[in-house]
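Okay, so here's the structure we're looking at.
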Amino acid sequence: MPARPLDALASRPAIRLLRYLSTHPGGLTGRQLATSAGVHPTRALEALGMLARLGLVQRRRAGRAYLYALNDDSYLVTDVIGPAFRNEEQWLDRLGAELFSTLQPFAHAVVLYGSWARGDAREHSDVDLLVVTVTPDGREEVERRADEVRGRLSDRFGRFVSILALTGDEVRRRLRAGDRLMRSVMREGRALAGRSLAEVATGA
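So the sequence shown is residues 1158 to 1361, counted in the numbering used here.
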């Protein structure tokens, strides 16, 4: 293994293949991996060969094909790459939890909505968050604190964070009035911290 094995991971195909393998245990052929990870087959095979030489991926023959899987005996996989991909997947939950903690005791819930909730966000899409507050006075405090931390959170997580604060009563009133945004939030949104969407909608 080279002295700096992570240097090899500057390759986008290698990162995509490792990311897919980290969430799909078991052996997969090079062609299956290329298709699933969105990598050109030739570049996928080159990257898999390199990853196998580094000991990050195990390769075993199955008939006329080779099957590839992460090498769970490698410390780079268990202590570096695996945690990195898990943290990558959990960044929205971390963002929601940090914001929720900052806004206590005035917030009931932090709800993700918009493109990141639907799963069709682009690289530079804003992160749209609804903060449900306890009282109107609480909403004012939430808006004040949100203005203070928005920049820090945007820098920390690498995306602009857009925060909409409403009281629980306002959310339910807008739902009863057929407000399109609130209906979309309840249909497509995901509670990141605090009360569930059902509790927000019913006031439970």
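Every residue, glycine too, gets a C-beta built ideally from N, C-alpha and C.
Give the range of the beta strand (DSSP E) segment to which residue i is assigned.
| i | result |
| --- | --- |
| ASP1285 | 1284 to 1290 |
Per DSSP, which residues does residue i bridge with? Please list them.
| i | result |
| --- | --- |
| ALA1350 | VAL1267 |
| GLN1215 | ALA1226 |
| SER1319 | ASP1285 |
| THR1324 | THR1290 |
Could you give the residue range of the alpha helix (DSSP H) that holds residue i?
| i | result |
| --- | --- |
| THR1199 | 1198 to 1210 |
| GLU1246 | 1239 to 1246 |
| LEU1178 | 1169 to 1180 |
| SER1272 | 1272 to 1275 |
When the Cα atoms are used, what is the spatial distance from residue i to residue j?
| i | j | result |
| --- | --- | --- |
| HIS1281 | ALA1274 | 15 Å |
| ALA1322 | GLU1245 | 27 Å |
| HIS1197 | PHE1242 | 22 Å |
| GLU1300 | GLY1195 | 41 Å |
| LEU1332 | LEU1252 | 26 Å |
| LEU1202 | VAL1234 | 19 Å |
| ASP1312 | ILE1238 | 23 Å |
| VAL1284 | GLN1247 | 14 Å |
| ARG1329 | GLN1261 | 21 Å |
| LEU1349 | ASP1336 | 22 Å |
| ALA1204 | LEU1224 | 14 Å |
| ALA1278 | LEU1174 | 21 Å |
| SER1193 | LEU1227 | 16 Å |
| SER1353 | THR1359 | 10 Å |
| LEU1269 | LEU1286 | 5 Å |
| THR1259 | ASP1326 | 22 Å |
| HIS1181 | GLN1189 | 11 Å |
| ILE1172 | SER1231 | 16 Å |
| GLY1212 | GLU1297 | 55 Å |
| THR1199 | GLY1276 | 29 Å |
Quick one: what does DSSP say residue i is sitting in, helix, strand or coil?
| i | result |
| --- | --- |
| LEU1338 | helix |
| LEU1185 | strand |
| SER1258 | helix |
| GLU1297 | helix |
| ALA1194 | helix |
| ARG1161 | coil |
| GLY1308 | helix |
| ALA1358 | helix |
| GLU1280 | coil |
| GLY1253 | helix |
| ARG1221 | coil |
**OP:** Check whether the region 1252 to 1263 touches the region 1218 to 1227, counting contact only when three or more Cβ pairs, one atom from each stretch, lie closer than 8 Å.
**Re:** no
Subject >> Cβ contact check for the region 1296 to 1314 and the region 1332 to 1349: 3 or more pairs under 8 Å >> reply: no
Original post:
Hey, is the region 1259 to 1270 in contact with the region 1288 to 1296, meaning 3+ C-beta pairs nearer than 8 Å?
Top reply: A contact between stretches requires three or more CB pairs, one per stretch, nearer than 8 Å, and the region 1259 to 1270 meets this requirement with the region 1288 to 1296.
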